[in-house]
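Respectively, the protein sequence lines represent chains C, D and R. Residue numbering for the first sequence follows this note's numbering, beginning at 1299 and increasing consecutively. Residue numbering for the second sequence follows this note's numbering, beginning at 11 and increasing consecutively. Residue numbering for the third sequence follows this note's numbering, beginning at 2 and increasing consecutively.
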Amino acid sequence: MTAMLSIGGLWKSFAGFVATRDVSFELLAGETHAVIGPNGAGKTTFFNLITGHLRPDKGSVSFEGRDLIGLPPQKIVRLGIARSFQRINIYPRLTVFENVQVALIAHEGQQWNLFRPGRSLHRQGTQELLELVGLAPEALETAGELSYGKQKQLELAIALASQPRLLLLDEPTAGMSPQETGETIASVRDIVKARGLTLLFTEHDMSVVFGIAERISVLHHGEIIASGAPDAVRNDPEVKRVYLGEHAHG
Amino acid sequence: MTLTMFTLNAFYGLALAMNMFIIASGLNLIFGVLRVINFAHGMFYMFGAYIVFTVAKSWGAPFFVGVLASALALAAIALVIERLLLRHLYDKEHLMQLLFTFAIVLLMSDAAKMIWGTDQYSVGYPPGLGGAVNMGFVILPQYQLFLCIVGPLIAVAMWFVVDRTRWGRVVRAATQDREMLAALGVNVPMVYAAVFTIGSALAGIGGALAAPRIALVPGMDATIINECFIIVIIGGLGNMWGSFLGALAFGFVVQFGTVLAPNWQDVLPYVLMLVVLIIRPWGLLGRPETGH
Amino acid sequence: MPQRRSLIASAVVVLLLALLPLAGSRYAIDLTTEVLIYALFALSLNVLIGFTGNISFGHAAYFAIGGYGCAILLTTYGWPLALALPAAVVLAGLVAAVVGYFCVRLTQIYFAMLTLAFAMLVWGVAFKWKEVTGGDDGFTGIKMPAMISHHIGYFYFTLVMVSLGVAALWVICHSAFGLTLVAIRENSVRAGFIGVDTRHMRWAAFTVAGTFGGLAGALFGMYHRGMYIENAFWTESANVLIMVLLGGIYSFIGPIIGAAVLHLLQTFTNQYTPYWPTVLGLILLVIVLVLPDGLIGLARRVRARGGRS
Chain C
1299 MTAMLSIGGL WKSFAGFVAT RDVSFELLAG ETHAVIGPNG AGKTTFFNLI
1349 TGHLRPDKGS VSFEGRDLIG LPPQKIVRLG IARSFQRINI YPRLTVFENV
1399 QVALIAHEGQ QWNLFRPGRS LHRQGTQELL ELVGLAPEAL ETAGELSYGK
1449 QKQLELAIAL ASQPRLLLLD EPTAGMSPQE TGETIASVRD IVKARGLTLL
1499 FTEHDMSVVF GIAERISVLH HGEIIASGAP DAVRNDPEVK RVYLGEHAHG
Chain D
11 MTLTMFTLNA FYGLALAMNM FIIASGLNLI FGVLRVINFA HGMFYMFGAY
61 IVFTVAKSWG APFFVGVLAS ALALAAIALV IERLLLRHLY DKEHLMQLLF
111 TFAIVLLMSD AAKMIWGTDQ YSVGYPPGLG GAVNMGFVIL PQYQLFLCIV
161 GPLIAVAMWF VVDRTRWGRV VRAATQDREM LAALGVNVPM VYAAVFTIGS
211 ALAGIGGALA APRIALVPGM DATIINECFI IVIIGGLGNM WGSFLGALAF
261 GFVVQFGTVL APNWQDVLPY VLMLVVLIIR PWGLLGRPET GH
Chain R
2 MPQRRSLIAS AVVVLLLALL PLAGSRYAID LTTEVLIYAL FALSLNVLIG
52 FTGNISFGHA AYFAIGGYGC AILLTTYGWP LALALPAAVV LAGLVAAVVG
102 YFCVRLTQIY FAMLTLAFAM LVWGVAFKWK EVTGGDDGFT GIKMPAMISH
152 HIGYFYFTLV MVSLGVAALW VICHSAFGLT LVAIRENSVR AGFIGVDTRH
202 MRWAAFTVAG TFGGLAGALF GMYHRGMYIE NAFWTESANV LIMVLLGGIY
252 SFIGPIIGAA VLHLLQTFTN QYTPYWPTVL GLILLVIVLV LPDGLIGLAR
302 RVRARGGRS
């Protein structure tokens, strides 16, 4: 299997604080890979470096052979990478329907169309995506007024609207109840399988991680301290010491 | 241009710059900590000038008592505005805060009309500073010399307080992360009130000190607020030494512009701002805001 | 379908306005002409504020360019209206495009301050270029085409032009382009991350706003038979900004309502007291403390609460 995402020697510092320390990483096409680590380990920074929101100080990031460094986020999306955000990042005053619709409009490059009414475009595609994440009943509600769990599902729908081949999910079940978590993860797993997506996600909930991840990488203080199959990582003494040992409830 | 003329103009430019710095530094301080652009800052300046006129000329008190009165009056006005109204707007969008300060401008401008009417006033130089000093090849007016001393003094004092004192550290932290500061037990509302008050008092002092140099007319607030904006933007919003540099650039450009290109002197400050912003979009010493 | 309903409502309003000269006094006709012009001006600004989320403090610049441009072409160069008006509008749009190019490199308050700077530059040029613009004295004695020099003729002319302008803006604001602009307003980071080039789109919005602002300015200048430098000063920009906010930035018709209410209030107040600034200041305080989404927002909230109970 070829490496879809290749990262080599990535460094990022903020005013002396090293957030990402010499990270090298390979993601194979079609795999489901979890990045875990304690709070402050640098997981979101890592995602931001991949998706163009931050520029690394050193190192390389390439996706399907193309160098991503220096490209703005909107170009990286067009290459086939989509992400959701840890903090809810939706359009609060638009309806749920419009949130997804505008993503589809942008994906098709129609955002420059001054004449066709926005509300009539991609109605079917939007409906399908909403049904996929289970938000169809809430289509006409104002996005900012949804419950937290449903907003996270909307995040996922917006990410999927860009027809990605690589999906980056930043803590997709953060703040969710156990039931919501289960539903979300089941739905994510089905979508990923149905569309043949490659999934890279960060998580705190270990049951989620060990439930669906094929490979796991552990970040600590910006460095990858272990990477491999779930059992190998689970039993790695360094990982145990640094991370799993801090979580009494695993 | 002879050396005498050049020195004299440079000197006037410097004096203007120092006066402008005193005013602009207050605007800059308020923005740096509260993230509010206070449109009423120009109005505070105007009130500062008019108050020193009333105290020093109408009531006959010494000039510097008038300056003190301006400082205290504007501090009081600012404190009332901040505690009563502005503090309810901190968690609202910036636009709302801006509009609020603009509402203050409107209300204060009518208040000024009611108190002082629409006549033009003037304040003479205070005794002891009305003369000139003979430097040999050039004769420098005393009041402008005074301004050239006071300006840097205030700059250094501000720098010292912000950089070297405990209170200054609190202020600096407030510019970075106000929630963290509250979590650390700092009385953030008091910091905000203090900063708004001091910044506004600087406008009043700046206006009072400007009074002997200029004509006091309605509408002087609009002129000065535009000029302050230019200065803090050129320097970089939130950066005190940036405001100092901006004020210097402004002072020299306006002074030499008046002499060398008299038809275009009103436009030159804007051209200066445009040039600076095209080369350095965030101002000379400014940095892009990380959104929050 | 709500769209058809608003189309019918708009047609009714235009029809009623068209009937005004039959029943209304000269004063009412003139006042309505002014309100129409300000409504267009406010709508154009809202493309930037309400739809894109970028506050401009310098919108009067394009108003002034449209106004002076049309006035000068008609009077100094003797162009026919059919050429002068479009040329003035295009000129306003071009200047907006140039200014916008620099402004959209910045965001939020820096963006706003830069728009102000450019606007004051335009004011400065109008002030200094006495030979062309009349400077401090203003540009007076505009040569009006005979057909519209009578106040009723001009009223109909304004009604037609403003209706066309509003219709065009309606199409643009409700297009895919408009929806994407709203997404940029709501979350520009997210918009970037669905593949939208936010900077270019904001630039386009800026240009559109300036173009229609120029049209409003041209109509304004001809109505008053003159343009004055106050029309380029930042107080004019502040005035139209307040109109937009008063009406409500989150709806299409908000600015129209705001323009009407504010202009009528100002005209009325000026007849009784010279303290219009105080009235305006109090209005602003109310908006800021109580009504951030303006009158339309208030109406929506009242309707929602009524619907629920």
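Here a beta-carbon is modelled for each residue, glycine too, at the ideal position from N, C-alpha and C.
| message | Is residue 113 of chain D close to chain R? Criterion is C-beta to C-beta, closer than 9 Å. | response | Translated into positions along the second sequence, residue 113 of chain D becomes position 103. Residue 113 of chain D counts as touching chain R.
| said: Which same chain residues end up closer than 6 Å to residue 111 of chain D when comparing Cβ atoms and leaving out the 5 residues on each side of it in sequence? | reply: In the second sequence, residue 111 of chain D corresponds to position 101, counting from 1. Result list for residue 111 of chain D: 48, 49, 50, in chain order.
| field | Three CB pairs or more closer than 8 Å across the stretch 57-77 of chain D and the stretch 260-272 of chain D | value | no
| Spatial distance of residue 177 of chain D from residue 196 of chain D (CA atoms) | As a working mapping, residue 177 of chain D is identified with position 167 in the second sequence. As a working mapping, residue 196 of chain D is identified with position 186 in the second sequence. Cα to Cα, residue 177 of chain D sits roughly 11 Å from residue 196 of chain D.
| Relative to the C-alpha of residue 35 of chain D, which residue among D:202, D:120, D:252 is closest? | On the second sequence, position 25 is the one that residue 35 of chain D refers to. The candidate whose alpha carbon is nearest that of residue 35 of chain D is D:252.
| Whole-angstrom distance between residue 1366 of chain C and residue 298 of chain D, CA atom to CA atom | Residue numbering aside, residue 298 of chain D sits at position 288 when the second sequence is read from its first letter. Residue numbering aside, residue 1366 of chain C sits at position 68 when the first sequence is read from its first letter. The C-alpha of residue 298 of chain D lies about 23 Å from the C-alpha of residue 1366 of chain C.
| residue 271 of chain R (DSSP reduced to helix, strand or coil) | Walking along the third sequence from the start, residue 271 of chain R turns up at place 270. In this structure, residue 271 of chain R counts as helix in the three-state DSSP scheme.
| task | Just tell me which of D:269, D:274, D:218 has its CA closest to the CA of residue 65 of chain D. | result | On the second sequence, residue 65 of chain D is found 55 positions in, with the first residue counted as 1. It is D:218.
| said: Less than 9 Å between the C-beta atoms of residue 82 of chain D and residue 211 of chain D, yes or no? | reply: Against the second sequence, residue 82 of chain D aligns to sequence position 72. Against the second sequence, residue 211 of chain D aligns to sequence position 201. Yes.
| query | If we ignore side chains and look at the alpha-carbon of each, how far apart do residue 1443 of chain C and residue 1456 of chain C end up? | reply | Taking the first sequence and counting its residues from 1, one reaches residue 1443 of chain C at position 145. Taking the first sequence and counting its residues from 1, one reaches residue 1456 of chain C at position 158. Spanning the two alpha carbons is a distance of roughly 17 Å.
| What's the C-alpha gap between residue 1533 of chain C and residue 1497 of chain C? | Working through the first sequence from its first residue, we reach residue 1533 of chain C at position 235. Working through the first sequence from its first residue, we reach residue 1497 of chain C at position 199. Rounded to whole angstroms, residue 1533 of chain C to residue 1497 of chain C spans 23 Å at the Cα level.
| said: My output table needs one value for residue 1488 of chain C: the three-state DSSP class, helix, strand or coil. | reply: Position 190 of the first sequence holds residue 1488 of chain C. If DSSP states are grouped into helix, strand and coil, residue 1488 of chain C belongs with the helices.
| Cβ-based burial, residue 13 of chain R [other Cβ within 10 Å; buried from 16] | Taking the third sequence and counting its residues from 1, one reaches residue 13 of chain R at position 12. Answer is exposed; the Cβ neighbour count stays below 16.
| query | Which whole runs of the alpha helix (DSSP H) in the stretch 36-95 of chain D are 4 residues long or more, in chain order? | reply | 51-62, 73-94
| message | Taking only three categories from DSSP, how would you classify residue 1315 of chain C? | response | The sequence position of residue 1315 of chain C within the first sequence is 17, counting from 1. Correct three-state label for residue 1315 of chain C: strand.
| With 16 other CB atoms within 10 Å as the buried threshold, where does residue 287 of chain R fall? | Counted from its first residue, the third sequence places residue 287 of chain R at position 286. Answer is exposed; the Cβ neighbour count stays below 16.
| query | So which residues of chain C does residue 198 of chain R contact, with C-beta pairs closer than 7 Å? | reply | As a working mapping, residue 198 of chain R is identified with position 197 in the third sequence. 1372, listed in chain order.
| field | Buried versus exposed call for residue 252 of chain R [16 or more other C-beta atoms within 10 Å across all chains shown] | value | On the third sequence, position 251 is the one that residue 252 of chain R refers to. Result: buried.
| field | Contact under 9 Å by Cβ, residue 1358 of chain C with residue 1325 of chain C | value | For the purposes of this step, residue 1358 of chain C is taken as residue 60 along the first sequence, with counting starting at 1. For the purposes of this step, residue 1325 of chain C is taken as residue 27 along the first sequence, with counting starting at 1. Cβ distance not < 9 Å, so residue 1358 of chain C and residue 1325 of chain C don't count as in contact.
| request: Could you tell me whether the Cβ of residue 47 of chain D comes closer than 9 Å to any Cβ of chain R? | output: Position 37 of the second sequence, counted from the start, is the residue given in the question as residue 47 of chain D. Taking Cβ atoms only, chain R reaches closer than 9 Å to residue 47 of chain D, which makes this a yes.
| said: So residue 283 of chain D contacts chain R; which residues on that side make the cut at Cβ distance below 8 Å? | reply: On the second sequence, position 273 is the one that residue 283 of chain D refers to. At a C-beta separation below 8 Å, residue 283 of chain D has these neighbours in chain R: 118.
| task | Check residue 279 of chain D in the structure and name its three-state DSSP category. | result | Numbered from its first residue, the second sequence carries residue 279 of chain D at position 269. In this structure, residue 279 of chain D counts as helix in the three-state DSSP scheme.
| query | What are the residues of the stretch 266-292 of chain D that lie near chain R, defined by any Cβ-Cβ distance shorter than 8 Å? | reply | 273, 274, 276, 277, 280, 281, 283, 284, 287, 288, 291, 292
| Does DSSP put residue 229 of chain R in a helix, in a strand, or in coil? | Reading the third sequence from its first residue, position 228 is the one you call residue 229 of chain R. In this structure, residue 229 of chain R counts as coil in the three-state DSSP scheme.
| said: Give me, in chain order, the residues of the same chain whose beta-carbon lies closer than 7 Å to that of residue 300 of chain D; leave out the 5 immediate sequence neighbours on both sides. | reply: Translated into the one-based positions of the second sequence, residue 300 of chain D becomes position 290. Residue placement at residue 300 of chain D is poorly supported in this model, since its pLDDT is 49, which falls under 50; the coordinates still yield a value, given next. Nothing listed; no residue qualifies.
| Nearest to residue 52 of chain R (by Cα), restricted to the options R:186, R:301, R:215 | Locating residue 52 of chain R in the third sequence gives position 51, counting from the first residue. That would be R:186, whose Cα lies nearest to the Cα of residue 52 of chain R.
| task | Go ahead and label residue 134 of chain D buried or exposed: buried means 16 or more other beta carbons lie within 10 angstroms of its beta carbon, across all protein chains shown. | result | Sequence index remark: in the second sequence, residue 134 of chain D carries index 124 (1-based). With fewer than 16 other Cβ atoms within 10 Å, it is exposed.
| said: Can you find the residues in the same chain that come closer than 6 Å, C-beta to C-beta, to residue 87 of chain D, ignoring five residues on each side of it along the sequence? | reply: To locate residue 87 of chain D, count along the second sequence from 1; it is residue 77. Counting only Cβ-Cβ distances below 6 Å, and skipping sequence neighbours, we find nothing.
| Distance CB(residue 1464 of chain C)-CB(residue 1380 of chain C) smaller than 9 Å | The sequence position of residue 1464 of chain C within the first sequence is 166, counting from 1. The sequence position of residue 1380 of chain C within the first sequence is 82, counting from 1. Yes. Within cutoff.
| message | Quick check: what's the CA-CA separation for residue 1546 of chain C versus residue 292 of chain D? | response | Here residue 1546 of chain C corresponds to residue number 248 of the first sequence, with the count starting at 1. Here residue 292 of chain D corresponds to residue number 282 of the second sequence, with the count starting at 1. In this prediction, residue 1546 of chain C has a pLDDT of 46, which is less than 50 and means its spatial position is unreliable; what the coordinates show is noted afterwards. Cα to Cα, the separation comes out at about 48 Å.
| field | the stretch 23-32 of chain D contacting the stretch 159-166 of chain D, beta-carbon criterion three pairs below 8 Å | value | yes
| said: With DSSP as the reference, identify every bridge partner of residue 1517 of chain C, one or two as the case may be. | reply: The sequence position of residue 1517 of chain C within the first sequence is 219, counting from 1. Paired residue(s): C:1522.
| query | Nearest to residue 90 of chain R by alpha carbon, out of R:208, R:158, R:266? | reply | Indexing the third sequence from 1 puts residue 90 of chain R at position 89. Answer by Cα proximity: R:208.
| query | Which one of C:1391, C:1307, C:1375, C:1364 has the shortest CA to CA distance from residue 1301 of chain C? | reply | Residue numbering aside, residue 1301 of chain C sits at position 3 when the first sequence is read from its first letter. Nearest of C:1391, C:1307, C:1375, C:1364 to residue 1301 of chain C, Cα basis: C:1364.
| query | Nearest CA to the CA of residue 116 of chain R: which residue from D:232, D:283, D:175? | reply | Your numbering for residue 116 of chain R matches position 115 in the third sequence. Selected option, being the one with the closest Cα: D:283.
| Is the Cβ of residue 300 of chain D closer than 9 Å to any Cβ of chain R? | Against the second sequence, residue 300 of chain D aligns to sequence position 290. Low confidence applies to residue 300 of chain D: its pLDDT is 49, below 50, so where it sits in the model is not reliable enough to give any reading.
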